[in-house]
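Numbering (my numbering), first residue to last: 144 to 617. The C-beta atom is built at its ideal place from N, Cα and C for all residues, glycine as well.
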C-alpha cells in the first residue's frame with residue numbers, strides 16, 4: 144500500500160463520519176484551489192488532514208526513492224543524481240536571527256524532489272564541488288511539505304549530503320531527461336530543455352520591488368525542431384553566465400526550468416539554480432555587416448545590420464563607431480561581445496568601412512521580407528502601406544502599470560499584418576498616417592490570437608516614410 148493510501152485510510156479512521164467519496168472531493172477541491180500543475184493528490188491529502196485536525200503517526204527511518212516520499216519521514220537516506228544547485232541565500236528568521244539556505248533538485252528512476260540544506264549544511268565542505276549530473280547520497284534527511292504541498296527533503300544539523308564515490312548508476316544522466324523546446328507543455332516542471340537560440344539575447348538589471356535588492360535576468364527565444372519558438376526568462380542570471388561570443392543559431396540547454404503562461408503565451412522560466420549551457424567561446428571574431436537602419440539608443444545608437452549569411456544582426460553601438468555610415472554601407476567590425484544576433488561596440492572597438500566589391504554581404508534589397516513570409520519567432524524588416532492607423536493609448540498590465548501602445552494595420556500586396564509598438568516605440572508608430580508607405584526595420588514576429596502573427600517594434604526599429612520614393616517615376 145502506498146503512502147497516499149495510508150494517509151487516506153488514517154483520515155477515514157480518525158474521522159469515521161466521512162466517506163471515501165467525501166474525502167476524495169475535499170482532496171480534489173484542495174488541488175483545484177492551488178492550481179493544476181502545482182499540487183498533487185499526494186500533497187493535497189496532507190493539507191486536507193491538517194484542515195481536519197488529523198495528525199499522522201511519525202514515519203520510521205527508511206531508505207527509499209523519490210517516487211513516494213512520506214510526509215514526516217525522518218532519518219531518510221536516498222541515493223540520487225543532481226539536476227541543479229543554487230547559490231547560498233541568506234534569510235532572516237521570525238526571531239530576527241540570520242540563517243543560510245541552499246536548494247537543489249535531485250532525481251532518480253522514480254521521480255524528482257527539492258532538497259533544502261539549512262544553516263552550516265548550506266556551506267559544508269565539498270558542497271561547491273558538486274556538479275549537475277553527479278550522484279549524491281542524502282543522509283538522515285527529513286521530509287516536510289513545501290508551500291505548494293509537494294514533499295521536500297530537508298537536511299539540517301543531523302543530516303548530510305555527499306558526492307557518491309560510486310558514480311555508476313541505473314539513474315540516467317541529465318541528457319536522458321532532455322526534451323526539445325517544441326515539446327514543452329504548460330504542466331512542465333523541473334525540465335531539461337534543448338533547442339537553438341533565435342534572435343537576440345537580452346540582459347536586464349533591475350531593483351526588486353519586494354525588498355529593494357538588485358536583480359538581473361536573461362531573456363532569449365529558444366527554437367526547437369518543431370512547434371513555435373518559446374521565450375525563456377532566466378531570473379538571477381546575467382552576462383557572466385554566458386560566453387562572450389555565441390554564434391547565430393547556437394545550441395542551448397536549460398537545466399531546471401518550469402513552464403509558465405505569460406503575456407506572450409507559453410514561456411519557460413528559470414532561476415539562479417538553473418544551469419544554462421550554450422555553444423560559444425570567449426574569443427570574439429570579426430563580423431562584416433551591411434547597415435540597414437539606425438535608431439537612437441540610451442547611449443550611442445542601435446544599429447540594425449545584415450551579415451554575409453543574410454542574417455539580421457543588432458549592433459548596440461555605445462561608442463557611436465558606426466555614426467559615419469549610412470544605410471547600404473558595409474563595415475568590418477570587431478565587437479566586444481557577440482551573443483547570437485546581438486553585437487556590442489564600445490569606444491575601443493575596431494571598425495573599418497569596406498567597399499561593396501570587397502565583401503560578400505547581400506545587397507540592401509535582400510534585407511526586406513514580404514509579409515506573407517513572416518513567421519512567429521523571426522526578426523524582419525518590411526515595406527508596406529498603412530491601411531489603418533490607431534491612436535496611441537494606455538493599456539493596463541497585469542501588474543497594474545499603465546503602458547503606451549500604438550498599432551497600425553499594413554499590407555505589401557502579399558499579405559496584411561498588424562504592427563505594434565509598446566512604451567517608447569508607441570510614439571514613433573503613432574506618427575504613421577493612413578495611405579502612406581513606410582519602411583519599418585527590426586520587427587519581432589509574435590504569435591497572436593486566431594493563429595495570427597503580429598509584428599512588434601524593438602529598440603532597434605527605425606521607421607522611414609518612403610511614399611514619394613515608391614511612386615512610379617513620371
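Where the alpha helix (DSSP H) containing residue i begins and where it ends
i	result
residue 374	First-last for residue 374: 373–378, but that is the beta strand (DSSP E), not the alpha helix (DSSP H).
residue 568	567–573
Supposed contact pair residue j and residue i - C-beta distance, whole angstroms, cut 8 Å
i	j	result
residue 333	residue 401	7 Å
residue 362	residue 484	Contact flag wrong, Cβ pair sits at about 14 Å.
residue 243	residue 266	6 Å
residue 583	residue 538	With 8 Å as the limit, residue 583 and residue 538 do not qualify as a contact, their Cβ atoms being about 21 Å apart.
residue 588	residue 517	5 Å
residue 465	residue 504	Residue 465 to residue 504, Cβ: 14 Å. No contact.
residue 446	residue 437	5 Å
residue 510	residue 456	Not a contact, Cβ separation roughly 11 Å.
residue 371	residue 520	7 Å
Residue i versus residue j: straight-line alpha-carbon distance, rounded
i	j	result
residue 606	residue 439	12 Å
residue 326	residue 450	31 Å
residue 227	residue 471	47 Å
residue 442	residue 498	28 Å
residue 479	residue 388	9 Å
residue 233	residue 241	7 Å
residue 619	residue 176	Residue 619 is absent from the model: the chain starts at 144 and stops at 617.
residue 462	residue 408	36 Å
residue 170	residue 214	16 Å
residue 280	residue 448	52 Å
residue 532	residue 507	28 Å
residue 551	residue 512	18 Å
residue 386	residue 318	21 Å
residue 253	residue 558	51 Å
residue 205	residue 286	Its pLDDT being 45, under 50, residue 205 is placed unreliably by the model, and the measurement read from it follows with that caveat. The straight-line gap from Cα to Cα measures roughly 11 Å.
residue 523	residue 148	56 Å
residue 150	residue 168	15 Å
residue 330	residue 336	14 Å
residue 595	residue 560	8 Å
residue 160	residue 187	20 Å
residue 299	residue 349	33 Å
Three-state secondary structure (DSSP) of residue i
i	result
residue 533	coil
residue 610	helix
residue 156	helix
residue 194	helix
residue 166	helix
residue 426	coil
residue 383	helix
residue 554	strand
residue 333	coil
residue 523	strand
residue 205	Because residue 205 sits at a pLDDT of 45, beneath the cut-off of 50, its placement in the model cannot be relied upon, and the following sentence gives the value as read from the coordinates. In this structure, residue 205 counts as coil in the three-state DSSP scheme.
residue 301	coil
residue 451	coil
residue 414	coil
residue 317	helix
residue 185	helix
residue 338	strand
residue 559	strand
residue 175	helix
Residues of its chain near residue i, where Cβ-Cβ distance is below 6 Å and the 5 sequence neighbours each way are ignored
i	result
residue 203	Residue placement at residue 203 cannot be trusted, given a pLDDT of 41 that sits under 50; the coordinates are not used to answer.
residue 122	For residue 122 there is no data in the structure shown, the boundaries of the chain being 144 and 617.
residue 367	323, 324, 325, 338
Proximal residues to residue i (C-beta, below 7 Å), its chain only, five neighbours per side dropped
i	result
residue 429	475, 476, 477
residue 418	227, 275, 398, 399
Host beta strand (DSSP E) of residue i (start-end)
i	result
residue 219	219–228
residue 487	485–488
residue 587	580–590
residue 496	493–497
residue 322	321–323
residue 477	473–477
residue 250	241–250
residue 366	357–366
residue 597	596–599
residue 214	Here residue 214 belongs to no beta strand (DSSP E), and DSSP marks it neither H nor E.
residue 543	From DSSP, residue 543 is part of no beta strand (DSSP E); its letter is neither H nor E.
residue 283	278–288
residue 257	255–261
residue 394	394–405
residue 233	232–235
Any C-beta of chain E under 8 Å from that of residue i
i	result
residue 523	The question asks about chain E, but that chain is absent: this structure has only one protein chain.
Contact set for residue i: own chain, Cβ-Cβ below 8 Å, skip 5 residues either direction
i	result
residue 183	174, 292, 293
residue 545	537, 538, 539
residue 410	373, 374, 375, 376, 402, 403, 404
residue 272	306
residue 209	221, 223, 249, 250, 251, 253, 254, 255, 256
Residue i beta carbon near the ligand GDP (any heavy atom closer than 7 Å)
i	result
residue 588	This structure simply doesn't include the ligand GDP, nor any ligand for that matter.
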